[in-house]
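Remarks on the structure that follows.
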Amino acid sequence: MPELPEVETVVRALNASLPGKTVSAVCSMGKLRLPFDAGDLTRRLAGRKILGVRRRAKYILVDFPGQLALLAHLGMTGRFRLETTGTPGQKHDRVAFLFEDGSELRYSDARRFGFIKLACLPRPGGFPGDLERLGPEPLERSFTGDVLLASAAGRKAPVKTFIMDQKIVVGVGNIYASEALYGAGINPARPAGLLSPAEWRRLAAEIKGVLRRAIRKGGSTIRSYQTVAGTEGGFQRSLRVYGKTGGECPRCGGRIESTRLGGRSTFFCPGCQV
DNA sequence: ATATTCCCCTGGAAGC
DNA sequence: TGCTTCCAGGGGAATA
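Residue numbering for the first sequence follows the numbering used here, beginning at 15 and increasing consecutively.
As structure tokens, this is what we get:
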């Protein structure tokens with residue numbers, strides 16, 4: 015599913031085409047993780063114009079006037095497509111937002127792990143209460159190795175599980191956690207509380223680097239992820255360890271291994287990740 | 001509070 | 001070909 019680079023790619027595409035469109039109706043074609051009421055959404059959004067689209071962590075916010083925002087999460091298989099009204103639907107379409115100009119935004123989600131809901135913002139440009147507990151954005155300047163070092167004190171969880179915890183830092187999922195740890199030369203099973211300040215600085219830098227490079231390529235398509243235009247991302251070709259079990263380590267020539275941490279498959283090179 | 005496990009749901013790939 | 005099993009990028013609840 016979408017991690018930060020994939021969500022960012024979707025948000026940029028939506029932000030290029032949705033602002034200025036006025037909602038005429040919202041239709042439901044199926045259930046999602048959270049129940050939603052299309053009739054209620056229609057009543058509250060019809061006639062309202064989209065101001066912009068933003069991202070926080072892996073959440074998408076579509077802003078409307080009156081400190082109202084549509085909050086969406088893509089889960090594992092969520093996709094947005096922009097179509098013309100009348101275009102035949104697809105198998106897993108769950109929600110359609112109809113606009114007054116005859117275009118239509120469809121949300122499809124095979125596994126239904128995603129959700130959409132309407133949220134009130136505490137102030138314009140702010141975030142709904144649902145997002146209060148999230149950790150820092152990794153691409154902000156203020157996110158540094160020292161921030162990670164401070165929150166890792168005494169923590170015994172594997173460093174990979176730790177950096178995937180959205181209360182510690184947002185946006186890092188299973189793919190980019192393995193990739194960042196590889197870049198930093200840190201074994202993913204090490205207890206978070208035992209990393210040195212220098213290792214945290216390297217890891218923070220690698221997290222920023224891999225996320226930025228992935229955004230530049232439009233994200234990674236491993237299985238289902240697609241951009242709003244229905245195309246694949248490009249960063250899967252740049253992955254160095256994720257999904258490469260048995261392959262050759264580009265750095266030391268050793269064999270990439272896989273293991274399981276926190277119930278998630280994890281890829282690393284035992285030769286150069288110590 | 002933190003760590004671990006399980007579960008939500010569906011489809012695709014691999015194994016037999 | 002067809003059936004079975006396993007696995008999947010997230011996140012939240014339940015459990016020690």
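Don't be surprised by glycine CBs; every beta carbon is placed ideally from N, CA and C. Just so we're clear, the structure is a prediction, and the values are computed from it rather than from any experiment.
Per-residue DSSP class, three states only, for residue i
i: ASP51; result: coil
i: ASP115; result: coil
i: PRO172; result: strand
i: LEU59; result: helix
i: VAL183; result: coil
i: THR273; result: strand
i: ILE189; result: helix
i: LEU88; result: coil
i: THR280; result: strand
i: THR36; result: strand
i: PRO205; result: strand
i: GLU20; result: helix
Residue(s) in a DSSP beta bridge with residue i
i: ARG42; result: According to the sequence displayed, residue 42 carries Ser and not Arg. Paired residue(s): VAL109.
i: CYS134; result: LEU82
i: GLU97; result: GLU118
i: LEU75; result: ARG68, LEU85
Spatial distance of residue i from residue j (CA atoms)
i: ASP107; j: ARG126; result: 10 Å
i: LYS72; j: SER38; result: 27 Å
i: SER234; j: LYS170; result: 30 Å
i: ARG265; j: ARG26; result: 34 Å
i: SER238; j: THR91; result: 6 Å
i: LEU59; j: GLN180; result: 30 Å
i: TYR121; j: VAL288; result: 43 Å
i: ALA30; j: ALA86; result: 17 Å
i: GLY223; j: ARG62; result: 38 Å
i: ALA228; j: PRO19; result: 6 Å
i: ALA219; j: LEU153; result: 10 Å
request  = Decide yes or no for the touch test of the stretch 131-139 against the stretch 188-203: beta carbon pairs closer than 8 Å, at least 3 of them.
outcome  = no
request  = Count the CB pairs spanning the stretch 145-158 and the stretch 247-265 that are closer than 8 Å, and state whether there are at least three.
outcome  = no
message = Is it the case that the stretch 253-263 contacts the stretch 200-214, given that we only count it when at least three CB pairs across the two stretches are under 8 Å?
response = no
query = If you scan the stretch 208-235 from start to end, which runs of the alpha helix (DSSP H) of 4 or more residues do you find wholly inside it?
reply = 211-230
Cβ pair count under 8 Å reaching 3, the stretch 197-206 against the stretch 273-288 = yes
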